[in-house]
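Numbering (full-length UniProt numbering), first residue to last: 1 to 918.
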């Protein structure tokens, strides 16, 4: 069926294409005096084409016609086969952007040049963009935009839907959307037949258009004719019920956690994606795209996995690593890389109220490849391990898996050496009344862990050191105190915990007693020994245990990196996989949730920056036809955290330096200084609220100052340095290096020198991470938690819709319908695809070659735009070009093969003939 544009302009075939017009304009521009500024190439508006049976790959949605939207003819034909084609194609409504405004509401604007005063992105590139950006601030879009008839655009769509009696979503009395079919229209009311046979009479304001059933369960949300909340949820739920847990949203992969085993993985599935025989949405497809872009462009790639706690981020990262390991196999490194997951999960994952295998740290895994695509090494970076979980956690949660695995699975000889008992005998483990996870065998997990340590080439001697330190931490928790006077001073009770902990650490019991129950105070040239109170002694003991575990975690990562880094001198490029803790909101949220959610805010801005901001800036800078689009932005919230001197992090650091400051005084300071910020709400009783991109979270300041200071007194560090065991000494040297200037190595100066606070250190790590990711081509995976009960096949609409809104999926689909995600310079395009032309044409200038390639391959003009320096393509077009190139190269190889064969046969015949002649 012809488009409306074709009907209205029958002579279009004689018109010059946009490329020819651009080429002529650029030539005229070059003829101008050199000091004259270049003029913007005249470029006709691209016209959308209606989907036809010959072009099934085109999105089955509304198509722009001269700035208006045309209802797809295929949809009307599915409902009324006798409908007049001209009537269908002639129906025009306002731009699709206004439709989205009616459905989703107004979005907050993001000025294209706005950057936080302290940002990992403030660099020369950004400053250059600020100077050259054509449009400094996108115009505001109001949901009340009206069309030429004076009616809201979404009303015109509903008029069409009502007229044709199509499928609709009906808002019921319980605030849920139900799918139905319009039966009749009477005045201002419509009768809707629901799927359950029930008939409702509602006003059109309670209706939203539903997609035709031919679009039910599409694998890319861009293909939907109507992008509204109930349609998106229905599509995801339909696919989820079929165990199709992956759905594309333009360039983003949505992964809904199945909470069960699904038949989507394994060697056969990997082979399908490697051989390109399966193009369904999948983590394998994302990893394959990253791998091929790395080889093709020579640019480092990143796969950024995000989502709430329990959404399946860690499993998704493991699946991506599995595929990349298979692609880069035969080097011996791939099995080692995969086994790192077992070790890091044991040391860094724990059961929480929302997730039985929750990552309590963030990690970035860089997988290195050679120029031929062989895996040749890897490196792991970790961030903000939740140390407090070692000594304290909420009821119903567990400490780190490795403690329970060690107690349950250690062989008798190892248990005897470490004086190990069952998990229920240790105060640090039994306090939360949760020692087991349903369906998990900790004993078998320990066997798997030991196998992984062997694979990573951690020696048996080092494994014994690791297990000894873990046992020492457990026994430290069993050290008890007794009050000896009215001032609440304590002394250590001589028990099994004290003796065993001292033995495992390699120190004497007296040294350990002194470290956890006394403080040495200097008075001039003299030192005074002061006994600690009960609270102070417990804090000192717990601080020592947390410090040992955190340093043990870092030491293990160092051992892994040492093994994975072998032979890295042959590294060419890398693919980084980021698996970081998801956004958290519990009944009680403390310092850990504060840091975790800050990290997620920073990652969300990285997402916004690449999918919304930078992309649109590039369009405007290169002069293509583009109307800036709005998106929900979190700059205000990030500013609340990072602004100096009155941001949350700065105020927390400032208050942490005052010895007499309390958590309550910190909460009061926040209320006084931040009450004017729209993202902050001061509350009573030491709490405050932050309006995050994912929702509002209430934080309790109890413990904020102490956890930010993260104190470990000189007595504890001196204890570790005096131990006979190697690891405690190593931990002490690391802590001294972190805590004091290199010019002064006195033990007593450790606490005198101001230690870098936890949030300051974490912020620096986060900025370094963002700068590292900024140098890569990003690929985004959004993991979705289907329900709060962690049950399979349960689909909670409100929870899922909240996650989709928060992570920007709806905005991604909206902008992806019209954007050009693939950008290639004229020079690169000519070099890559010029071989598809005759040599005489391919030798011309890059733009002429680009023009010829696009014309010869019949790339539809609405699928690309040409800028001053780059070609911009819609999704899928470059893949088609690559397929054509590959087919031509394969054909060339076949021709060469047959020619060489013919040449060899002719030579053989000549030799044979000459032999016969002789």
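C-beta atoms are modelled at their ideal positions from N, C-alpha and C, and glycine is treated no differently.
When you compare only the Cα positions, how much space is there between residue i and residue j?
i           : j           : result
residue 875 : residue 909 : 53 Å
residue 851 : residue 865 : 11 Å
residue 696 : residue 802 : 12 Å
residue 151 : residue 159 : The predicted model places residue 151 with a pLDDT of 40, which falls under 50 and marks its position as unreliable; any figure quoted below should be read in that light. Computed Cα separation, rounded: 10 Å.
residue 214 : residue 235 : 12 Å
residue 248 : residue 219 : 6 Å
residue 430 : residue 477 : 11 Å
residue 689 : residue 653 : 19 Å
residue 729 : residue 411 : 27 Å
residue 733 : residue 643 : 34 Å
residue 846 : residue 880 : 20 Å
residue 473 : residue 677 : 43 Å
residue 660 : residue 758 : 19 Å
residue 767 : residue 368 : 22 Å
residue 714 : residue 376 : 42 Å
residue 499 : residue 806 : 52 Å
residue 780 : residue 304 : 5 Å
residue 409 : residue 465 : 17 Å
residue 229 : residue 175 : 13 Å
residue 462 : residue 725 : 12 Å
residue 680 : residue 651 : 14 Å
residue 588 : residue 353 : 12 Å
residue 597 : residue 341 : 24 Å
residue 574 : residue 308 : 27 Å
residue 721 : residue 555 : 16 Å
residue 606 : residue 120 : 10 Å
residue 647 : residue 736 : 30 Å
residue 451 : residue 357 : 20 Å
Residues in its own chain within less than 8 Å of residue i by CB, not counting five upstream and five downstream?
i           : result
residue 222 : 59, 61, 248, 249, 250, 813, 816, 817 and 875
residue 434 : 351, 395, 396, 397 and 398
residue 655 : 661, 665, 666, 669 and 705
residue 238 : 216 and 217
residue 322 : 265, 270 and 338
residue 79  : Only weak support is given to the placement of residue 79: the predicted model assigns it a pLDDT of 38, under 50, and the value that follows is read from those uncertain coordinates. Cβ within range, chain order: 164, 165, 166 and 212.
Spatial neighbours of residue i within its chain, please: C-beta separation below 7 Å, excluding the five flanking residues on both sides.
i           : result
residue 604 : 634 and 693
residue 914 : none
residue 686 : 663, 664, 667, 700, 701 and 702
residue 379 : 366, 561, 564 and 565
residue 901 : none
residue 867 : 622, 623 and 624
CB-CB under 6 Å to residue i, same chain, minus the five flanking residues each way: which ones, in chain order?
i           : result
residue 540 : 516
residue 612 : 631
residue 712 : 543 and 547
residue 822 : 873 and 878
residue 488 : 533 and 534
residue 282 : 246
Which one or two residues does DSSP pair with residue i in a beta bridge?
i           : result
residue 368 : 377 and 574
residue 170 : 178 and 207
residue 193 : 181 and 199
residue 349 : 359
residue 490 : 483
residue 779 : 303
Please report whether the beta-carbon of residue i lies at a distance below 8 Å from any beta-carbon of chain C.
i           : result
residue 604 : The displayed structure is made up of one protein chain only, and chain C is not part of it.
Checklist entry - Would you call the region 524-544 and the region 403-419 in contact, with 3 or more CB pairs under 8 Å? => result With the cut-off at 8 Å, the region 524-544 and the region 403-419 do not touch.
Next on the checklist: For the region 578-593 against the region 313-320, do three or more pairs of beta-carbon atoms, one drawn from each stretch, fall closer than 8 Å, so that the two count as touching?
Outcome noted: yes
Next on the checklist: Runs of 3 residues minimum, wholly inside the region 501-588: which ones carry the beta strand (DSSP E) assignment?
Outcome noted: 518-523, 526-531 and 573-579
Next on the checklist: For the structure I just gave you, are there three or more beta carbon pairs, one from the region 603-620 and one from the region 340-358, closer than 8 Å?
Outcome noted: no
Checklist entry - How about the region 386-393 and the region 437-452: do they share at least three Cβ pairs that are nearer than 8 Å? => result no
Checklist entry - In the region 635-709, which residue ranges form an unbroken alpha helix (DSSP H) of at least 4 residues, counting only runs that do not cross its ends? => result 635-642, 648-656, 663-674 and 704-709
Next on the checklist: With three or more C-beta pairs closer than 8 Å as the rule, is the region 253-272 touching the region 237-244?
Outcome noted: Short answer: they touch.
Item to check | Unbroken stretches of the alpha helix (DSSP H), 4 residues or longer, contained in the region 835-877 | outcome: 839-842 and 846-856
Item to check | Contiguous beta strand (DSSP E) assignments of at least 3 residues, all confined to the region 210-257 | outcome: 246-249 and 252-256
Checklist entry - Are there three or more Cβ pairs, one per stretch, closer than 8 Å when the region 273-285 is compared with the region 539-553? => result no
Checklist entry - Three or more beta-carbon pairs under 8 Å between the region 295-304 and the region 773-783, yes or no? => result yes
Item to check | Length at least 4, wholly inside the region 401-460: the alpha helix (DSSP H) runs in chain order | outcome: 401-409, 412-418, 427-430 and 442-455
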